[in-house]
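Here the structure comes first, spelled out in structure tokens, and everything after it is commentary.
Protein chains: 2
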Amino acid sequence: MTEQCSHSNIASCTLPSSEQVARLIDQATELCDKRNLRFTRLRRQVLELVCKADQPVGAYHLLDELRESGRSAAPPTVYRALDFLLEQGLVHRLATNNTYLACAHPQQPHAAIFLVCSQCGHTQEVHTGGVIDQLRRQAEQFDFAIEHASVELTGLCSRCRQ
Amino acid sequence: MTEQCSHSNIASCTLPSSEQVARLIDQATELCDKRNLRFTRLRRQVLELVCKADQPVGAYHLLDELRESGRSAAPPTVYRALDFLLEQGLVHRLATNNTYLACAHPQQPHAAIFLVCSQCGHTQEVHTGGVIDQLRRQAEQFDFAIEHASVELTGLCSRCRQ
DNA sequence: AAAATAATGTTATATTATAACATAACAAAC
DNA sequence: GTTTGTTATGTTATAATATAACATTATTTT
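Chains as they are written, first to last, in my numbering: chain D, 1 to 162; chain Z, 163 to 324.
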């Protein structure tokens with residue numbers, strides 16, 4: 001991700017080039033090391049597949065790719081790896097279309113907003129501190145403690161609007 | 163829904179009493195009439211079931227209830243009715259847990275935010291013009307035209323926090 | 001090395017949703 | 001009021017997404 005990503009007030013994150021995939025893997029390795037967790041071959045492989053995809057991918061698509069790579073794999077194989085990556089904040093799950101995508105900023109935990117194009121599927125991770133903070137304040141007015149915010153905006157991306 | 167609902171700047175909507183269910187059905191009848199759509203027995207029955215539930219319900223739960231009521235029903239029966247009700251803005255779908263709940267304000271189309279308790283499942287529809295407007299503005303900065311906003315906040319409700 | 005823990009393999013199955021085609025109900029036109 | 005077209009529903013099958021449960025392997029700790 002993080003092509004032109006400024007991580008200032010508002011940041012948008014486009015898709016990863018191959019060197020950036022390597023960097024994300026490096027970051028994940030470091031991060032797991034720091035947390036004393038095992039970044040196994042399977043977990044690395046699944047993260048690579050998610051990173052390399054140019055769009056959010058479904059679990060069974062990842063399963064196919066694992067199998068094509070010669071590995072013996074069944075649904076739990078991929079779901080367990082995804083669960084691990086989700087817990088560590090290395091990937092996000094989009095509830096509106098049951099897909100997974102690599103997190104652009106695994107270092108600092110953050111709540112993100114996703115712009116999902118309903119036509120081409122292109123998905124952008126956007127960071128706008130303001131919105132999430134406002135949501136948190138609103139929730140607090142109802143004495144509600146947010147554990148996870150799922151904010152997914154479906155619509156037409158700039159390319160598909162033309 | 164709409165127990166203590168002010169529909170002012172911020173409005174919260176609690177669960178419906180039985181008279182309120184009747185009112186929602188009346189509103190739906192009117193609305194479909196106005197739009198020249200058929201509010202059939204099946205559609206009415208499904209909306210009633212969704213309204214009466216004290217929490218968002220799954221499609222297969224509705225299916226069971228339809229069958230218990232004596233009606234012959236299969237998955238498409240309930241999904242088709244739900245699709246109709248969704249299109250008309252009479253129910254909402256929660257993507258994070260694949261459930262459906264009655265819309266508190268079918269009259270005026272609106273984007274809502276949902277507070278979903280991860281412990282008891284209680285779900286609150288909250289209307290805060292501000293947040294949705296802000297989301298729309300943010301999206302516009304990326305030349306993105308929102309068609310649908312799914313904003314689902316998972317966490318602990320006030321009762322479960324204690 | 002043995003024991004304990006964590007990860008993966010494997011089989012089966014649960015849960016959610018849709019495709020495809022047949023029939024029935026309804027509305028419009030004649 | 002019957003024919004015709006359209007919309008809704010019935011019905012069967014199956015797709016797509018996800019998890020349970022238990023066996024095996026790998027890794028870490030003792």
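Just so it is clear, CB atoms sit at the ideal spot from N, CA and C, and this is done for glycine as well.
Please read these numbers as outputs of a predicted model, since none were measured by experiment.
Distance check for residue j and residue i, CA to CA, integer angstroms please.
i, j, result
"Z:T164", "Z:H267", "Any reading at Z:T164 must be qualified, since the residue scores a pLDDT of 38, below 50, and its modelled position is unreliable; the value itself is stated next. About 8 Å."
"Z:S280", "Z:R321", "12 Å"
"D:Q20", "D:V131", "28 Å"
"Z:D188", "Z:Q217", "21 Å"
"Z:C213", "Z:T258", "20 Å"
"Z:D226", "D:V126", "41 Å"
"D:A74", "D:L49", "16 Å"
"Z:L199", "D:T29", "57 Å"
"Z:E314", "D:L153", "11 Å"
"Z:H223", "Z:S234", "15 Å"
"Z:E309", "D:Q162", "16 Å"
"Z:A311", "Z:H284", "21 Å"
"Z:L228", "Z:L204", "9 Å"
"D:Y79", "Z:Q286", "30 Å"
"Z:A184", "Z:C282", "26 Å"
"Z:F201", "Z:A274", "24 Å"
"D:V116", "D:T77", "27 Å"
"D:S18", "D:L24", "10 Å"
"Z:D195", "Z:Q207", "17 Å"
"D:Q108", "D:L31", "11 Å"
"D:E68", "D:E87", "26 Å"
"D:N35", "Z:R197", "It is Arg, not Asn, that sits at residue 35 of chain D in the sequence shown. Going by the C-alpha atoms only, they are around 58 Å apart."
"Z:G317", "D:L135", "12 Å"
"Z:D295", "Z:A215", "30 Å"
Below 7 Å between beta carbons: does that hold for residue i and residue j?
i, j, result
"Z:C265", "Z:L252", "yes"
"D:L47", "D:L82", "no"
"D:F144", "Z:C319", "yes"
"D:Q141", "Z:T290", "no"
"D:T99", "D:G58", "yes"
"D:C110", "D:L101", "As written in the sequence, residue 110 of chain D is His, which differs from the Cys given in the question. For D:H110 and D:L101, no; Cβs fall outside 7 Å."
According to DSSP, what are the bridge partners of residue i?
i, result
"D:Q124", "D:L115"
"Z:Y262", "Z:V219, Z:R255"
"D:S150", "Z:E314"
"D:A145", "Z:L318"
When every heavy atom of the ligand GTP is checked, does at least one fall within less than 6 Å of the C-beta of residue i?
i, result
"Z:H289", "For the structure depicted, the ligand GTP is absent and the ligand set is empty, with no information on it obtainable."
* Mind checking the region 177-199 of chain Z against chain D and listing, in chain order, the residues whose C-beta falls within less than 8 Å of any C-beta there? => none
* Taking a cut of 7 Å between CB atoms, which residues from the region 142-155 of chain D lie near chain Z? -> F142, D143, F144, A145, I146, E147, H148, A149, S150, V151, E152, L153, T154, G155
* **Contact residues within the region 119-136 of chain D, judged by C-beta distance below 8 Å to chain Z** => Q124, V126, T128, G130, V131, Q134, L135
* To do: Give the residues from the region 90-109 of chain D that approach chain Z closer than 7 Å (Cβ to any Cβ), ordered along the chain.
  => A95, T96
* Asked: Any residues in the region 209-240 of chain Z with a beta carbon nearer than 9 Å to a beta carbon of chain D? Which ones, in chain order?
  -> none
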